[in-house]
Structures are given as structure tokens and as C-alpha cells.
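Report on one structure; see the data block that follows.
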Amino acid sequence: MSKLVITDLHVTVDTEDGPKEILKGVDLTINDGETHAIMGPNGSGKSTLAYSIAGHPKYTITGGSVTLDGQDVLSLSVDERARAGLFLAMQYPVEVPGVSVANFLRTAKTAIDGEAPKLRTWVKDVNGALERLNLDATFSSRSVNENFSGGEKKRHEIAQLELLDPKVAVLDETDSGLDIDALKVVSEGVNRFRRREGKGVLLITHYTRILRYIEPDHVHVFVDGKVAESGGKELADELEANGYDKYLKAATA
Amino acid sequence: MTITDSVRSALEQAPALDKVESHLHPTGSFDVADHTVPTGREEIWRFTPLKRLRGLHADAEFMPSATSCTWNTPEGVRIEGVSGDEARALRGISGLVPNTRWAARVLAEVPASLLVDVPADTEVAEPIVVDLDGKDVTVTEAGHVALRFGRHSRAVVVLNHTGSSSVAAVVEVVVGDGADVTVVSIQDWADDAVHLAHHQARVGRDATYRHAAISFGGDLVRMDANVTYDGPGGSAELLGLYFADAGQHIEHRIFADHTAPRTKSNAIYKGALQGEKAHTVWVGNVLIRKVAEGIETYEENRNLVLTDGCQADSIPNLEIETGEIEGAGHASATARFDDNQLFYLQSRGVSEQEAQRLVVHGFFNDLIRKVGVPSIEERLLSTVEAELAKNVLKDTTSGAGA
Ligand SMILES: Nc1ncnc2c1ncn2[C@@H]1O[C@H](COP(=O)(O)OP(=O)(O)OP(=O)(O)O)[C@@H](O)[C@H]1O
Ligand SMILES: [Mg+2]
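Chains as they are written, first to last, in this note's numbering: chain A, 3 to 255; chain B, 10 to 411.
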């Protein structure tokens, strides 16, 4: 089971002029095994939605709810959310100097499973995951994200997705900054994850090109802090052809 | 010539440096009478809480030692306490001419010296470890240590301070031409210890000197780690790792005095602070003399403030008297935990405490590896761990996110 339900979610950030509302009532349900794509213009609040689901302290929830398999997500701490089965692949993964990828992955896996992974199989799993994402074995001993190229950071996020095996993955523009080969590698990683039993994916993107490799069940247009329209794959094609103009006009009108 | 902006601005402000220069290298003297008792207003004392020094900086009696001193003696090395003429002959071998009353007193009054003598061409495989374990904090005492490394020798000396002590110590180091030497001083004192230390090294031609100051314990630790160069091509790496808890004063000063051309100095000090009135001071003095053409220097100090109520002072100070340098730069930063780092780790299921622990480990990790003594790496990591357990890991409440 993995059902993520977002209901009338309102979120603000603190600015110099006081709190500013970014999410203005988001409704979204990702059923067991579904992949949803969220597309929207810059600044529409896509990352805010991703971070709010994951629990970044910068964002204040002022209304609404998020549940995972019926469990109230918003009352959980960031790490509890991850242990409950949420994963966020970040748009800008963070560097952690001095902490090796190997140490980071083992610590995370141990935290998520509640016990240390078996040494033998774990090393094999890690090497396998890195290899499938075209990251050579030396990445294990490098500091987390430090001096990684933009594309390496994104592939490292998907390697984590494979290893940590959450219920629902929120992928925030994992496709941006990737060349076509890296895009394929990343998409294959996401698809391997989707093939596992009942995994949910919320794929945030600017561009339709990734949807050629990762086929969504539903597409949502995100404008000005909420879902402006929902549909099937054909909605992505329409966005490709016509852009967001029609929605932006509606939002400012 | 590549120089950083900070140095460039130091160059532009050259006239203003004269005043600073006077505190870096005042004329020293072996005669105690030439030194007045510091008042605390002097540049070199302004951060140090003199009241807590138990008179060591002034005229506290140097009593018979209450510190047990033991060591291992690897083959080919001579280590022993020497006195009389032999001890006297060791005073000032590093080129040290005291610029403080207390150091002048140590050289003049302490009857014996601990001599570590590594003959020329000797490579000592295992670290020479000198354990100094203080037994009585009410005994004010002083010590003189001479570390003499012959030409082309290679050795690691670890001075390991534990227990309770009130001690003023001068360590003089002579690094022979072409030698490769590491001196590690670990201050793992009990909470009540007071330690005033001056480590002075003379680095020979083409020699490599690595000094690591590691301070965890003690009520007050102040260490000056100074280097001069005997000839061109010498290289000094000055490393420091400190962790101050509530009420502790840990002060590290370095002085790389580039007295010869084509010499190098590279200083990295990293500190963490936690608890009310944890106070650390780092003063990084580098002087590039007129003769010191073609030198390279870089110094860096980073502090990680883990809780409220701490104070980290960090003062890099470069003085340049020649324009002909290869490179010079400095960096200094004091920061709290980075919310984004903690969030990233926590979003992978790692608890807040564990995330903080990882970040601190990461912060110190590269430095610990730079010390390059595998047998103490493990110990340093676990001491960092134990320090964290005192505070960071103790009372974290995992608040709901968002
Ligand atoms: N601290 C802040 N102060 C003011 N505005 C902020 C702050 N943080 C975020 N915002 C605003 O919130 C809005 C939503 O940002 P968000 O990063 O969620 O957009 P996005 O849809 O992910 O954009 P992109 O496509 O560029 O990644 C933006 O207009 C941004 O400027
Ligand atoms: Mg974004």
C-alpha cells in the first residue's frame, strides 16, 4: 500500500514583509502504484510542495493535510516522514563535506530499516546501484555531493531512491540539467523503482521530454500555488504545444 | 605571483601594519627581569582570562612536578630527563628567545628538560608517545621539552596530556635539514586543568614539519605554536582541532615566521563549541620577511557553533614585507549548523541528533586524516564522539518539521 493524499494544503514562507502564501490549497491524491507528473512555470510553488511534504523547516503549513496510507504526515518530523516511506529527490542536493557517500548511505539505510544492513549484500547493493546510475565505485568514498557535477548529484539521488526503497518518491526536477544520456539513465532508475510493488511517484518537471521515458498515469498543471488542471498524458502534449500562457492569464485575471 | 584579495588589501594597508608588527616579534629576552607581568591589556594577552591561569603567567611558584611522565622508546631514539649543563644547553635550541615572562621563567628556572633525540638518518616507524598525566591541580608546575630531530630523520612524537594539572610548558623543536617530523600535542585534560604552552620549532632546509594541536579538555588551554625556518625549502603544516564545552577557554595561536626564501606554511585549525561560555580563540600570525621571497602560505580557521552562548574569536593576521611571494591567503569562518544539511540528512531517515553527529564528524574528518597518524585517528574520532555526547546528542528534541 502507498497512498498519498494531499488535501487543501496551504503553505507560507517567512519573508522580510511577513509570511507569504505560496501554496494556496493543493489537492492531489496519488493512489497505490501511480505516477503523477506535476508541471508548472518557474515560481509556481512546485518545490514548495515537495519540501512541504518532506517537512523542510523553512515552510509553515497554515492549512490542509497530507496523509500517507492514512497516517498524518504533517505531524511527523522530517526523519519520521522518511521512515514512514517518503523520499524526496531534491532539485538542489546538498553537499555534506567530510561525510562519505558510503557512510551516508549506510547510516540512512540503517535509520530507515531500523537495523544495520547485512554487510556483504549491502556493499554489493550499493555498488550495483551506483553502477546502474553510471557512477563509478570511487563515489562511495567521496564526500556527499561535494564537487559532484549537477548530473552526478541527480543520479546520486536516484541511487538513493533505489537503495532506500520508499513507498512514495517525490522527484523535484530530477531531469533538469541532465544531458540525454543521463536523462535515460535516471529514467531507467525511476522505472526500476516503479516496477516494484505499489510504488507511488510524484514527478515534478518543467519539460515534457522526461515523460517520454517515464510515462505518467496523471498529469497536473501547477500554477500559482495550486493545481490548475489535471488530465492524462495528453495534457503534457498540450502543454508542450501551447505552454502555460492560458493558465497564467487565468491566474492573474 | 598569485595572491588573494585579502592579502592584496593587506599590502595596500601596509603602513598600518607597523603597529601590529610590534606585537608579533618584540625583542625577546632570556632575562626574566626584562619581562613585566602581563596585565591582560597587551595584544597577546587580551583574550586570555589571566585570573584563571593560577599565576602561571606571572610569578606562581614552579613546584616539584605532580605529573607522571612516561614514554616508549623505539629503537635508535634517546629519550630521557636531563639536568644541569645538558638541560641548560637545550634552552633556546629552537631559536626561541622568550617574549613572555612565563616562557623566560620556564627557560631560566626549570631544572630539568625532557629530551627526545632522534639521530640523523633515523627513521622511527612507531610514534614516540609521551604520556603526561597530571595528578594534582593545586601544584603549579612548569616543564621544558626539547625535541631534536637530526638531518633526514623521520619520526612522530605525540605529547599526550591527561589528568589534572596546572602547568606552563615550553616545547622546543629542532627539525634537521631534510627531516620529516610530526609533533602531535593532545590536550585531553580533566575539566580543571590549566595549560599554558609555547611550542617553538625551527625547520631546517627542505625539511617537513607537521604540528597538530588537539584540545578537548581543561578549564583553560592556551597554546602558541610557532615556526621559523633555518633555510630555504622548509615546509610547515600547522593543524589544530579543538572542542570547547561550557565554561572552557581554549586559545590557539600560531606564528609562521617566514625567515627564509621558498618556504611554506599551511595552517588549518578547526573548532567546535558547545555550551554556555565556551570560548575559543584562534590567532593566526604569518610574517613574510623581506628575505622570504617565493614563499607560499595559507591559513584557515573554521568554527562550528553548536549551541547558544558560545564565543569563537578568529583572527588571521598576515604581514608581508616582500612582494615576491608565490601565494598567500587566509580564510576564517564561524558558522552554526546548516539547516539545509541537516534537512537533507534527516530527509533520508536519519534522526536530528545523528544528522548533527554526521555533520560534525564530516567537519573534523579531513583534518583528522591530515594529521596522518593512523594510531591516533580512531582515538580522535571517538573523542569527538564523546564530546558530542555531552551536549548535542544529549537533549535534542525532535520537533515536528514544517
Ligand atoms: N524566503 C522567501 N521569500 C520570498 N519568496 C519566496 C521565499 N522562498 C520562496 N519564495 C517564493 O515562492 C515561490 C515558489 O517557489 P518554488 O521554489 O516552490 O517554485 P518552483 O515552482 O519550484 O520554481 P522552479 O520551477 O524555478 O523550481 C517563488 O515565487 C519564490 O520566489
Ligand atoms: Mg523548484
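We put the CB at the ideal spot given by N, CA and C, even for glycine.
ask   = Can you find a heavy atom of ligand 2 that lies under 7 Å from the Cβ of E318 (chain A)?
value = Shown here, chain A extends from 3 to 255; a query on residue 318 (chain A) therefore has no answer.
inquiry  = Can you look up V393 (chain B) in the DSSP assignment and give me helix, strand or coil?
reply    = Three-state DSSP puts V393 (chain B) in a helix.
request  = Indicate the three-state DSSP secondary structure (helix, strand or coil) for I160 (chain A) in the structure shown.
outcome  = Three-state result, I160 (chain A): helix.
inquiry  = Just to confirm my understanding: we take E97 (chain A), look at its own chain, exclude 5 residues before and 5 after, and list those with CB closer than 6 Å. What are they?
reply    = These residues qualify, in order along the chain: N147 and E148.
ask   = For ligand 2, is there a heavy atom less than 7 Å away from the beta-carbon of S356 (chain B)?
value = Short note on S356 (chain B): C-beta not closer than 7 Å to any heavy atom of ligand 2.
query = Per DSSP, which one or two residues make a beta bridge with W54 (chain B)?
reply = Bridge partners of W54 (chain B): none, in fact.
Closer than 5 Å: residues whose CB approaches a heavy atom of ligand 1 = Residues flagged by the Cβ proximity filter: A:V15, A:T17, A:I24, A:N44, A:G45, A:S46, A:G47, A:K48, A:S49 and A:T50.
ask   = Nearest to V290 (chain B) by alpha carbon, out of B:S173, B:V182, B:G332 and B:R231?
value = Answer by Cα proximity: B:R231.
inquiry  = Any beta carbon of chain A sitting closer than 8 Å to that of L248 (chain B)?
reply    = L248 (chain B) does not count as touching chain A.
inquiry  = Against D348 (chain B), what residues of chain A qualify as contacts under a CB-to-CB distance less than 9 Å, listed in chain order?
reply    = For D348 (chain B), the residues of chain A that pass the 9 Å Cβ criterion are H58, P59 and K60, in the order they occur in the chain.
Which listed residue (A:T64, A:D71, A:P59 and A:S67) has its alpha carbon closest to that of D81 (chain A) = Checked all of A:T64, A:D71, A:P59 and A:S67; the closest Cα to D81 (chain A) is A:P59.
query = How many Å lie between H339 (chain B) and G20 (chain A) at the Cα?
reply = Cα to Cα, H339 (chain B) sits roughly 38 Å from G20 (chain A).
ask   = Quick one: Cα of R144 (chain A) to Cα of S102 (chain A), how far?
value = When rounded, the distance between both Cα atoms is 5 Å.
ask   = Under 9 Å Cβ-Cβ, which residues of chain B neighbour L166 (chain A)?
value = Within 9 Å Cβ-Cβ: R357 and G358.
key: Amino acids of chain B, ordered along the chain, whose beta-carbon sits closer than 8 Å to that of S145 (chain A)   = Simply G371.
query = Hey, would you say the C-beta of E159 (chain A) is under 7 Å away from at least one heavy atom of ligand 4?
reply = Ligand 4 is not among the ligands present in this structure, which contains only ligand 1 and ligand 2.
message = Rounding to the nearest angstrom, what Cα-Cα distance links I182 (chain A) and A131 (chain A) in this structure?
response = Cα atoms of I182 (chain A) and A131 (chain A): separation of roughly 20 Å, rounded to the nearest angstrom.
inquiry  = Using beta carbons (cut-off 8 Å, strictly below), is E361 (chain B) in contact with chain A?
reply    = Yes - at least one Cβ of chain A is within 8 Å of the one on E361 (chain B).
task = With I32 (chain A) as the anchor, note down where its beta strand (DSSP E) starts and where it stops.
result = That run of the beta strand (DSSP E) goes G20 to I32.
Cβ-heavy atom distance, E175 (chain A) to ligand 2, below 7 Å = It does: the Cβ of E175 (chain A) is within 7 Å (strictly closer) of some heavy atom of ligand 2.
message = With DSSP as the reference, identify every bridge partner of I195 (chain B), one or two as the case may be.
response = When beta bridges are read from the DSSP output, I195 (chain B) appears opposite B:N169 and B:I223.
inquiry  = Please tell me whether V393 (chain B) has its Cβ less than 8 Å away from any Cβ of chain A.
reply    = No, V393 (chain B) lies away from the interface with chain A (no Cβ there is under 8 Å from its Cβ).
message = Here's a check: name, in chain order, each residue in its chain whose Cβ is nearer than 7 Å to the Cβ of T9 (chain A), leaving out the five neighbours to either side.
response = Result list for T9 (chain A): D29, G66 and S67, in chain order.
task = Give the interface partners of V96 (chain A) over in chain B, defined as CB-CB distance under 7 Å, in chain order.
result = Near V96 (chain A) (Cβ distances below 7 Å), the residues of chain B are N349, Q350 and Y353.
ask   = Can you give the Cα-Cα distance for G187 (chain B) and F195 (chain A), rounded to whole angstroms?
value = If I take the Cα positions, the gap works out to 58 Å.
message = Let me check one thing: in DSSP terms, what residues is M3 (chain A) bridge-paired to?
response = DSSP lists no partner for M3 (chain A).
task = Could you work out which residue in B:L315, B:L229, B:D233 and B:L156 is closest to E285 (chain B) when comparing CA atoms only?
result = For the residues B:L315, B:L229, B:D233 and B:L156, the minimum Cα distance to E285 (chain B) belongs to B:L315.
request  = Note the first and the last residue of the continuous beta strand (DSSP E) segment covering Q362 (chain B).
outcome  = That residue, Q362 (chain B), is in no beta strand (DSSP E); its alpha helix (DSSP H) goes E361 to V380.
query = What residue from B:E328, B:L282, B:S323 and B:G280 has the CA that sits closest to K299 (chain B)'s CA?
reply = The shortest C-alpha separation from K299 (chain B) is found at B:E328.
key: CB contact check: V314 (chain B) to chain A, cutoff 8 Å   = With 8 Å as the cut-off, V314 (chain B) does not count as an interface residue toward chain A.
query = When the Cα of H38 (chain A) is compared with those of A:G87, A:V7, A:F150 and A:K126, which residue comes out closest?
reply = Here the closest residue by C-alpha is A:V7.
ask   = With DSSP run on the structure shown, which of helix, strand or coil describes Q350 (chain B)?
value = Look at Q350 (chain B) here: in three-state DSSP terms it is helix.
key: Burial state of R211 (chain B), where buried means 16 or more other Cβ atoms lie within 10 Å   = Buried, because 16 or more other Cβ atoms sit within 10 Å of the Cβ of R211 (chain B).
inquiry  = Going residue by residue through the region 260–313 of chain B, where are the continuous beta strand (DSSP E) segments of at least 3 residues, counting only ones entirely within it?
reply    = Listed in chain order, they are 273–282 and 288–297.
inquiry  = Quick check on Y251 (chain B): does DSSP put it in helix, strand or coil?
reply    = In this structure, DSSP gives Y251 (chain B) an extended state, which the three-state scheme calls strand.
inquiry  = Can you tell me whether R163 (chain B) is helix, strand or coil according to DSSP?
reply    = Correct three-state label for R163 (chain B): strand.
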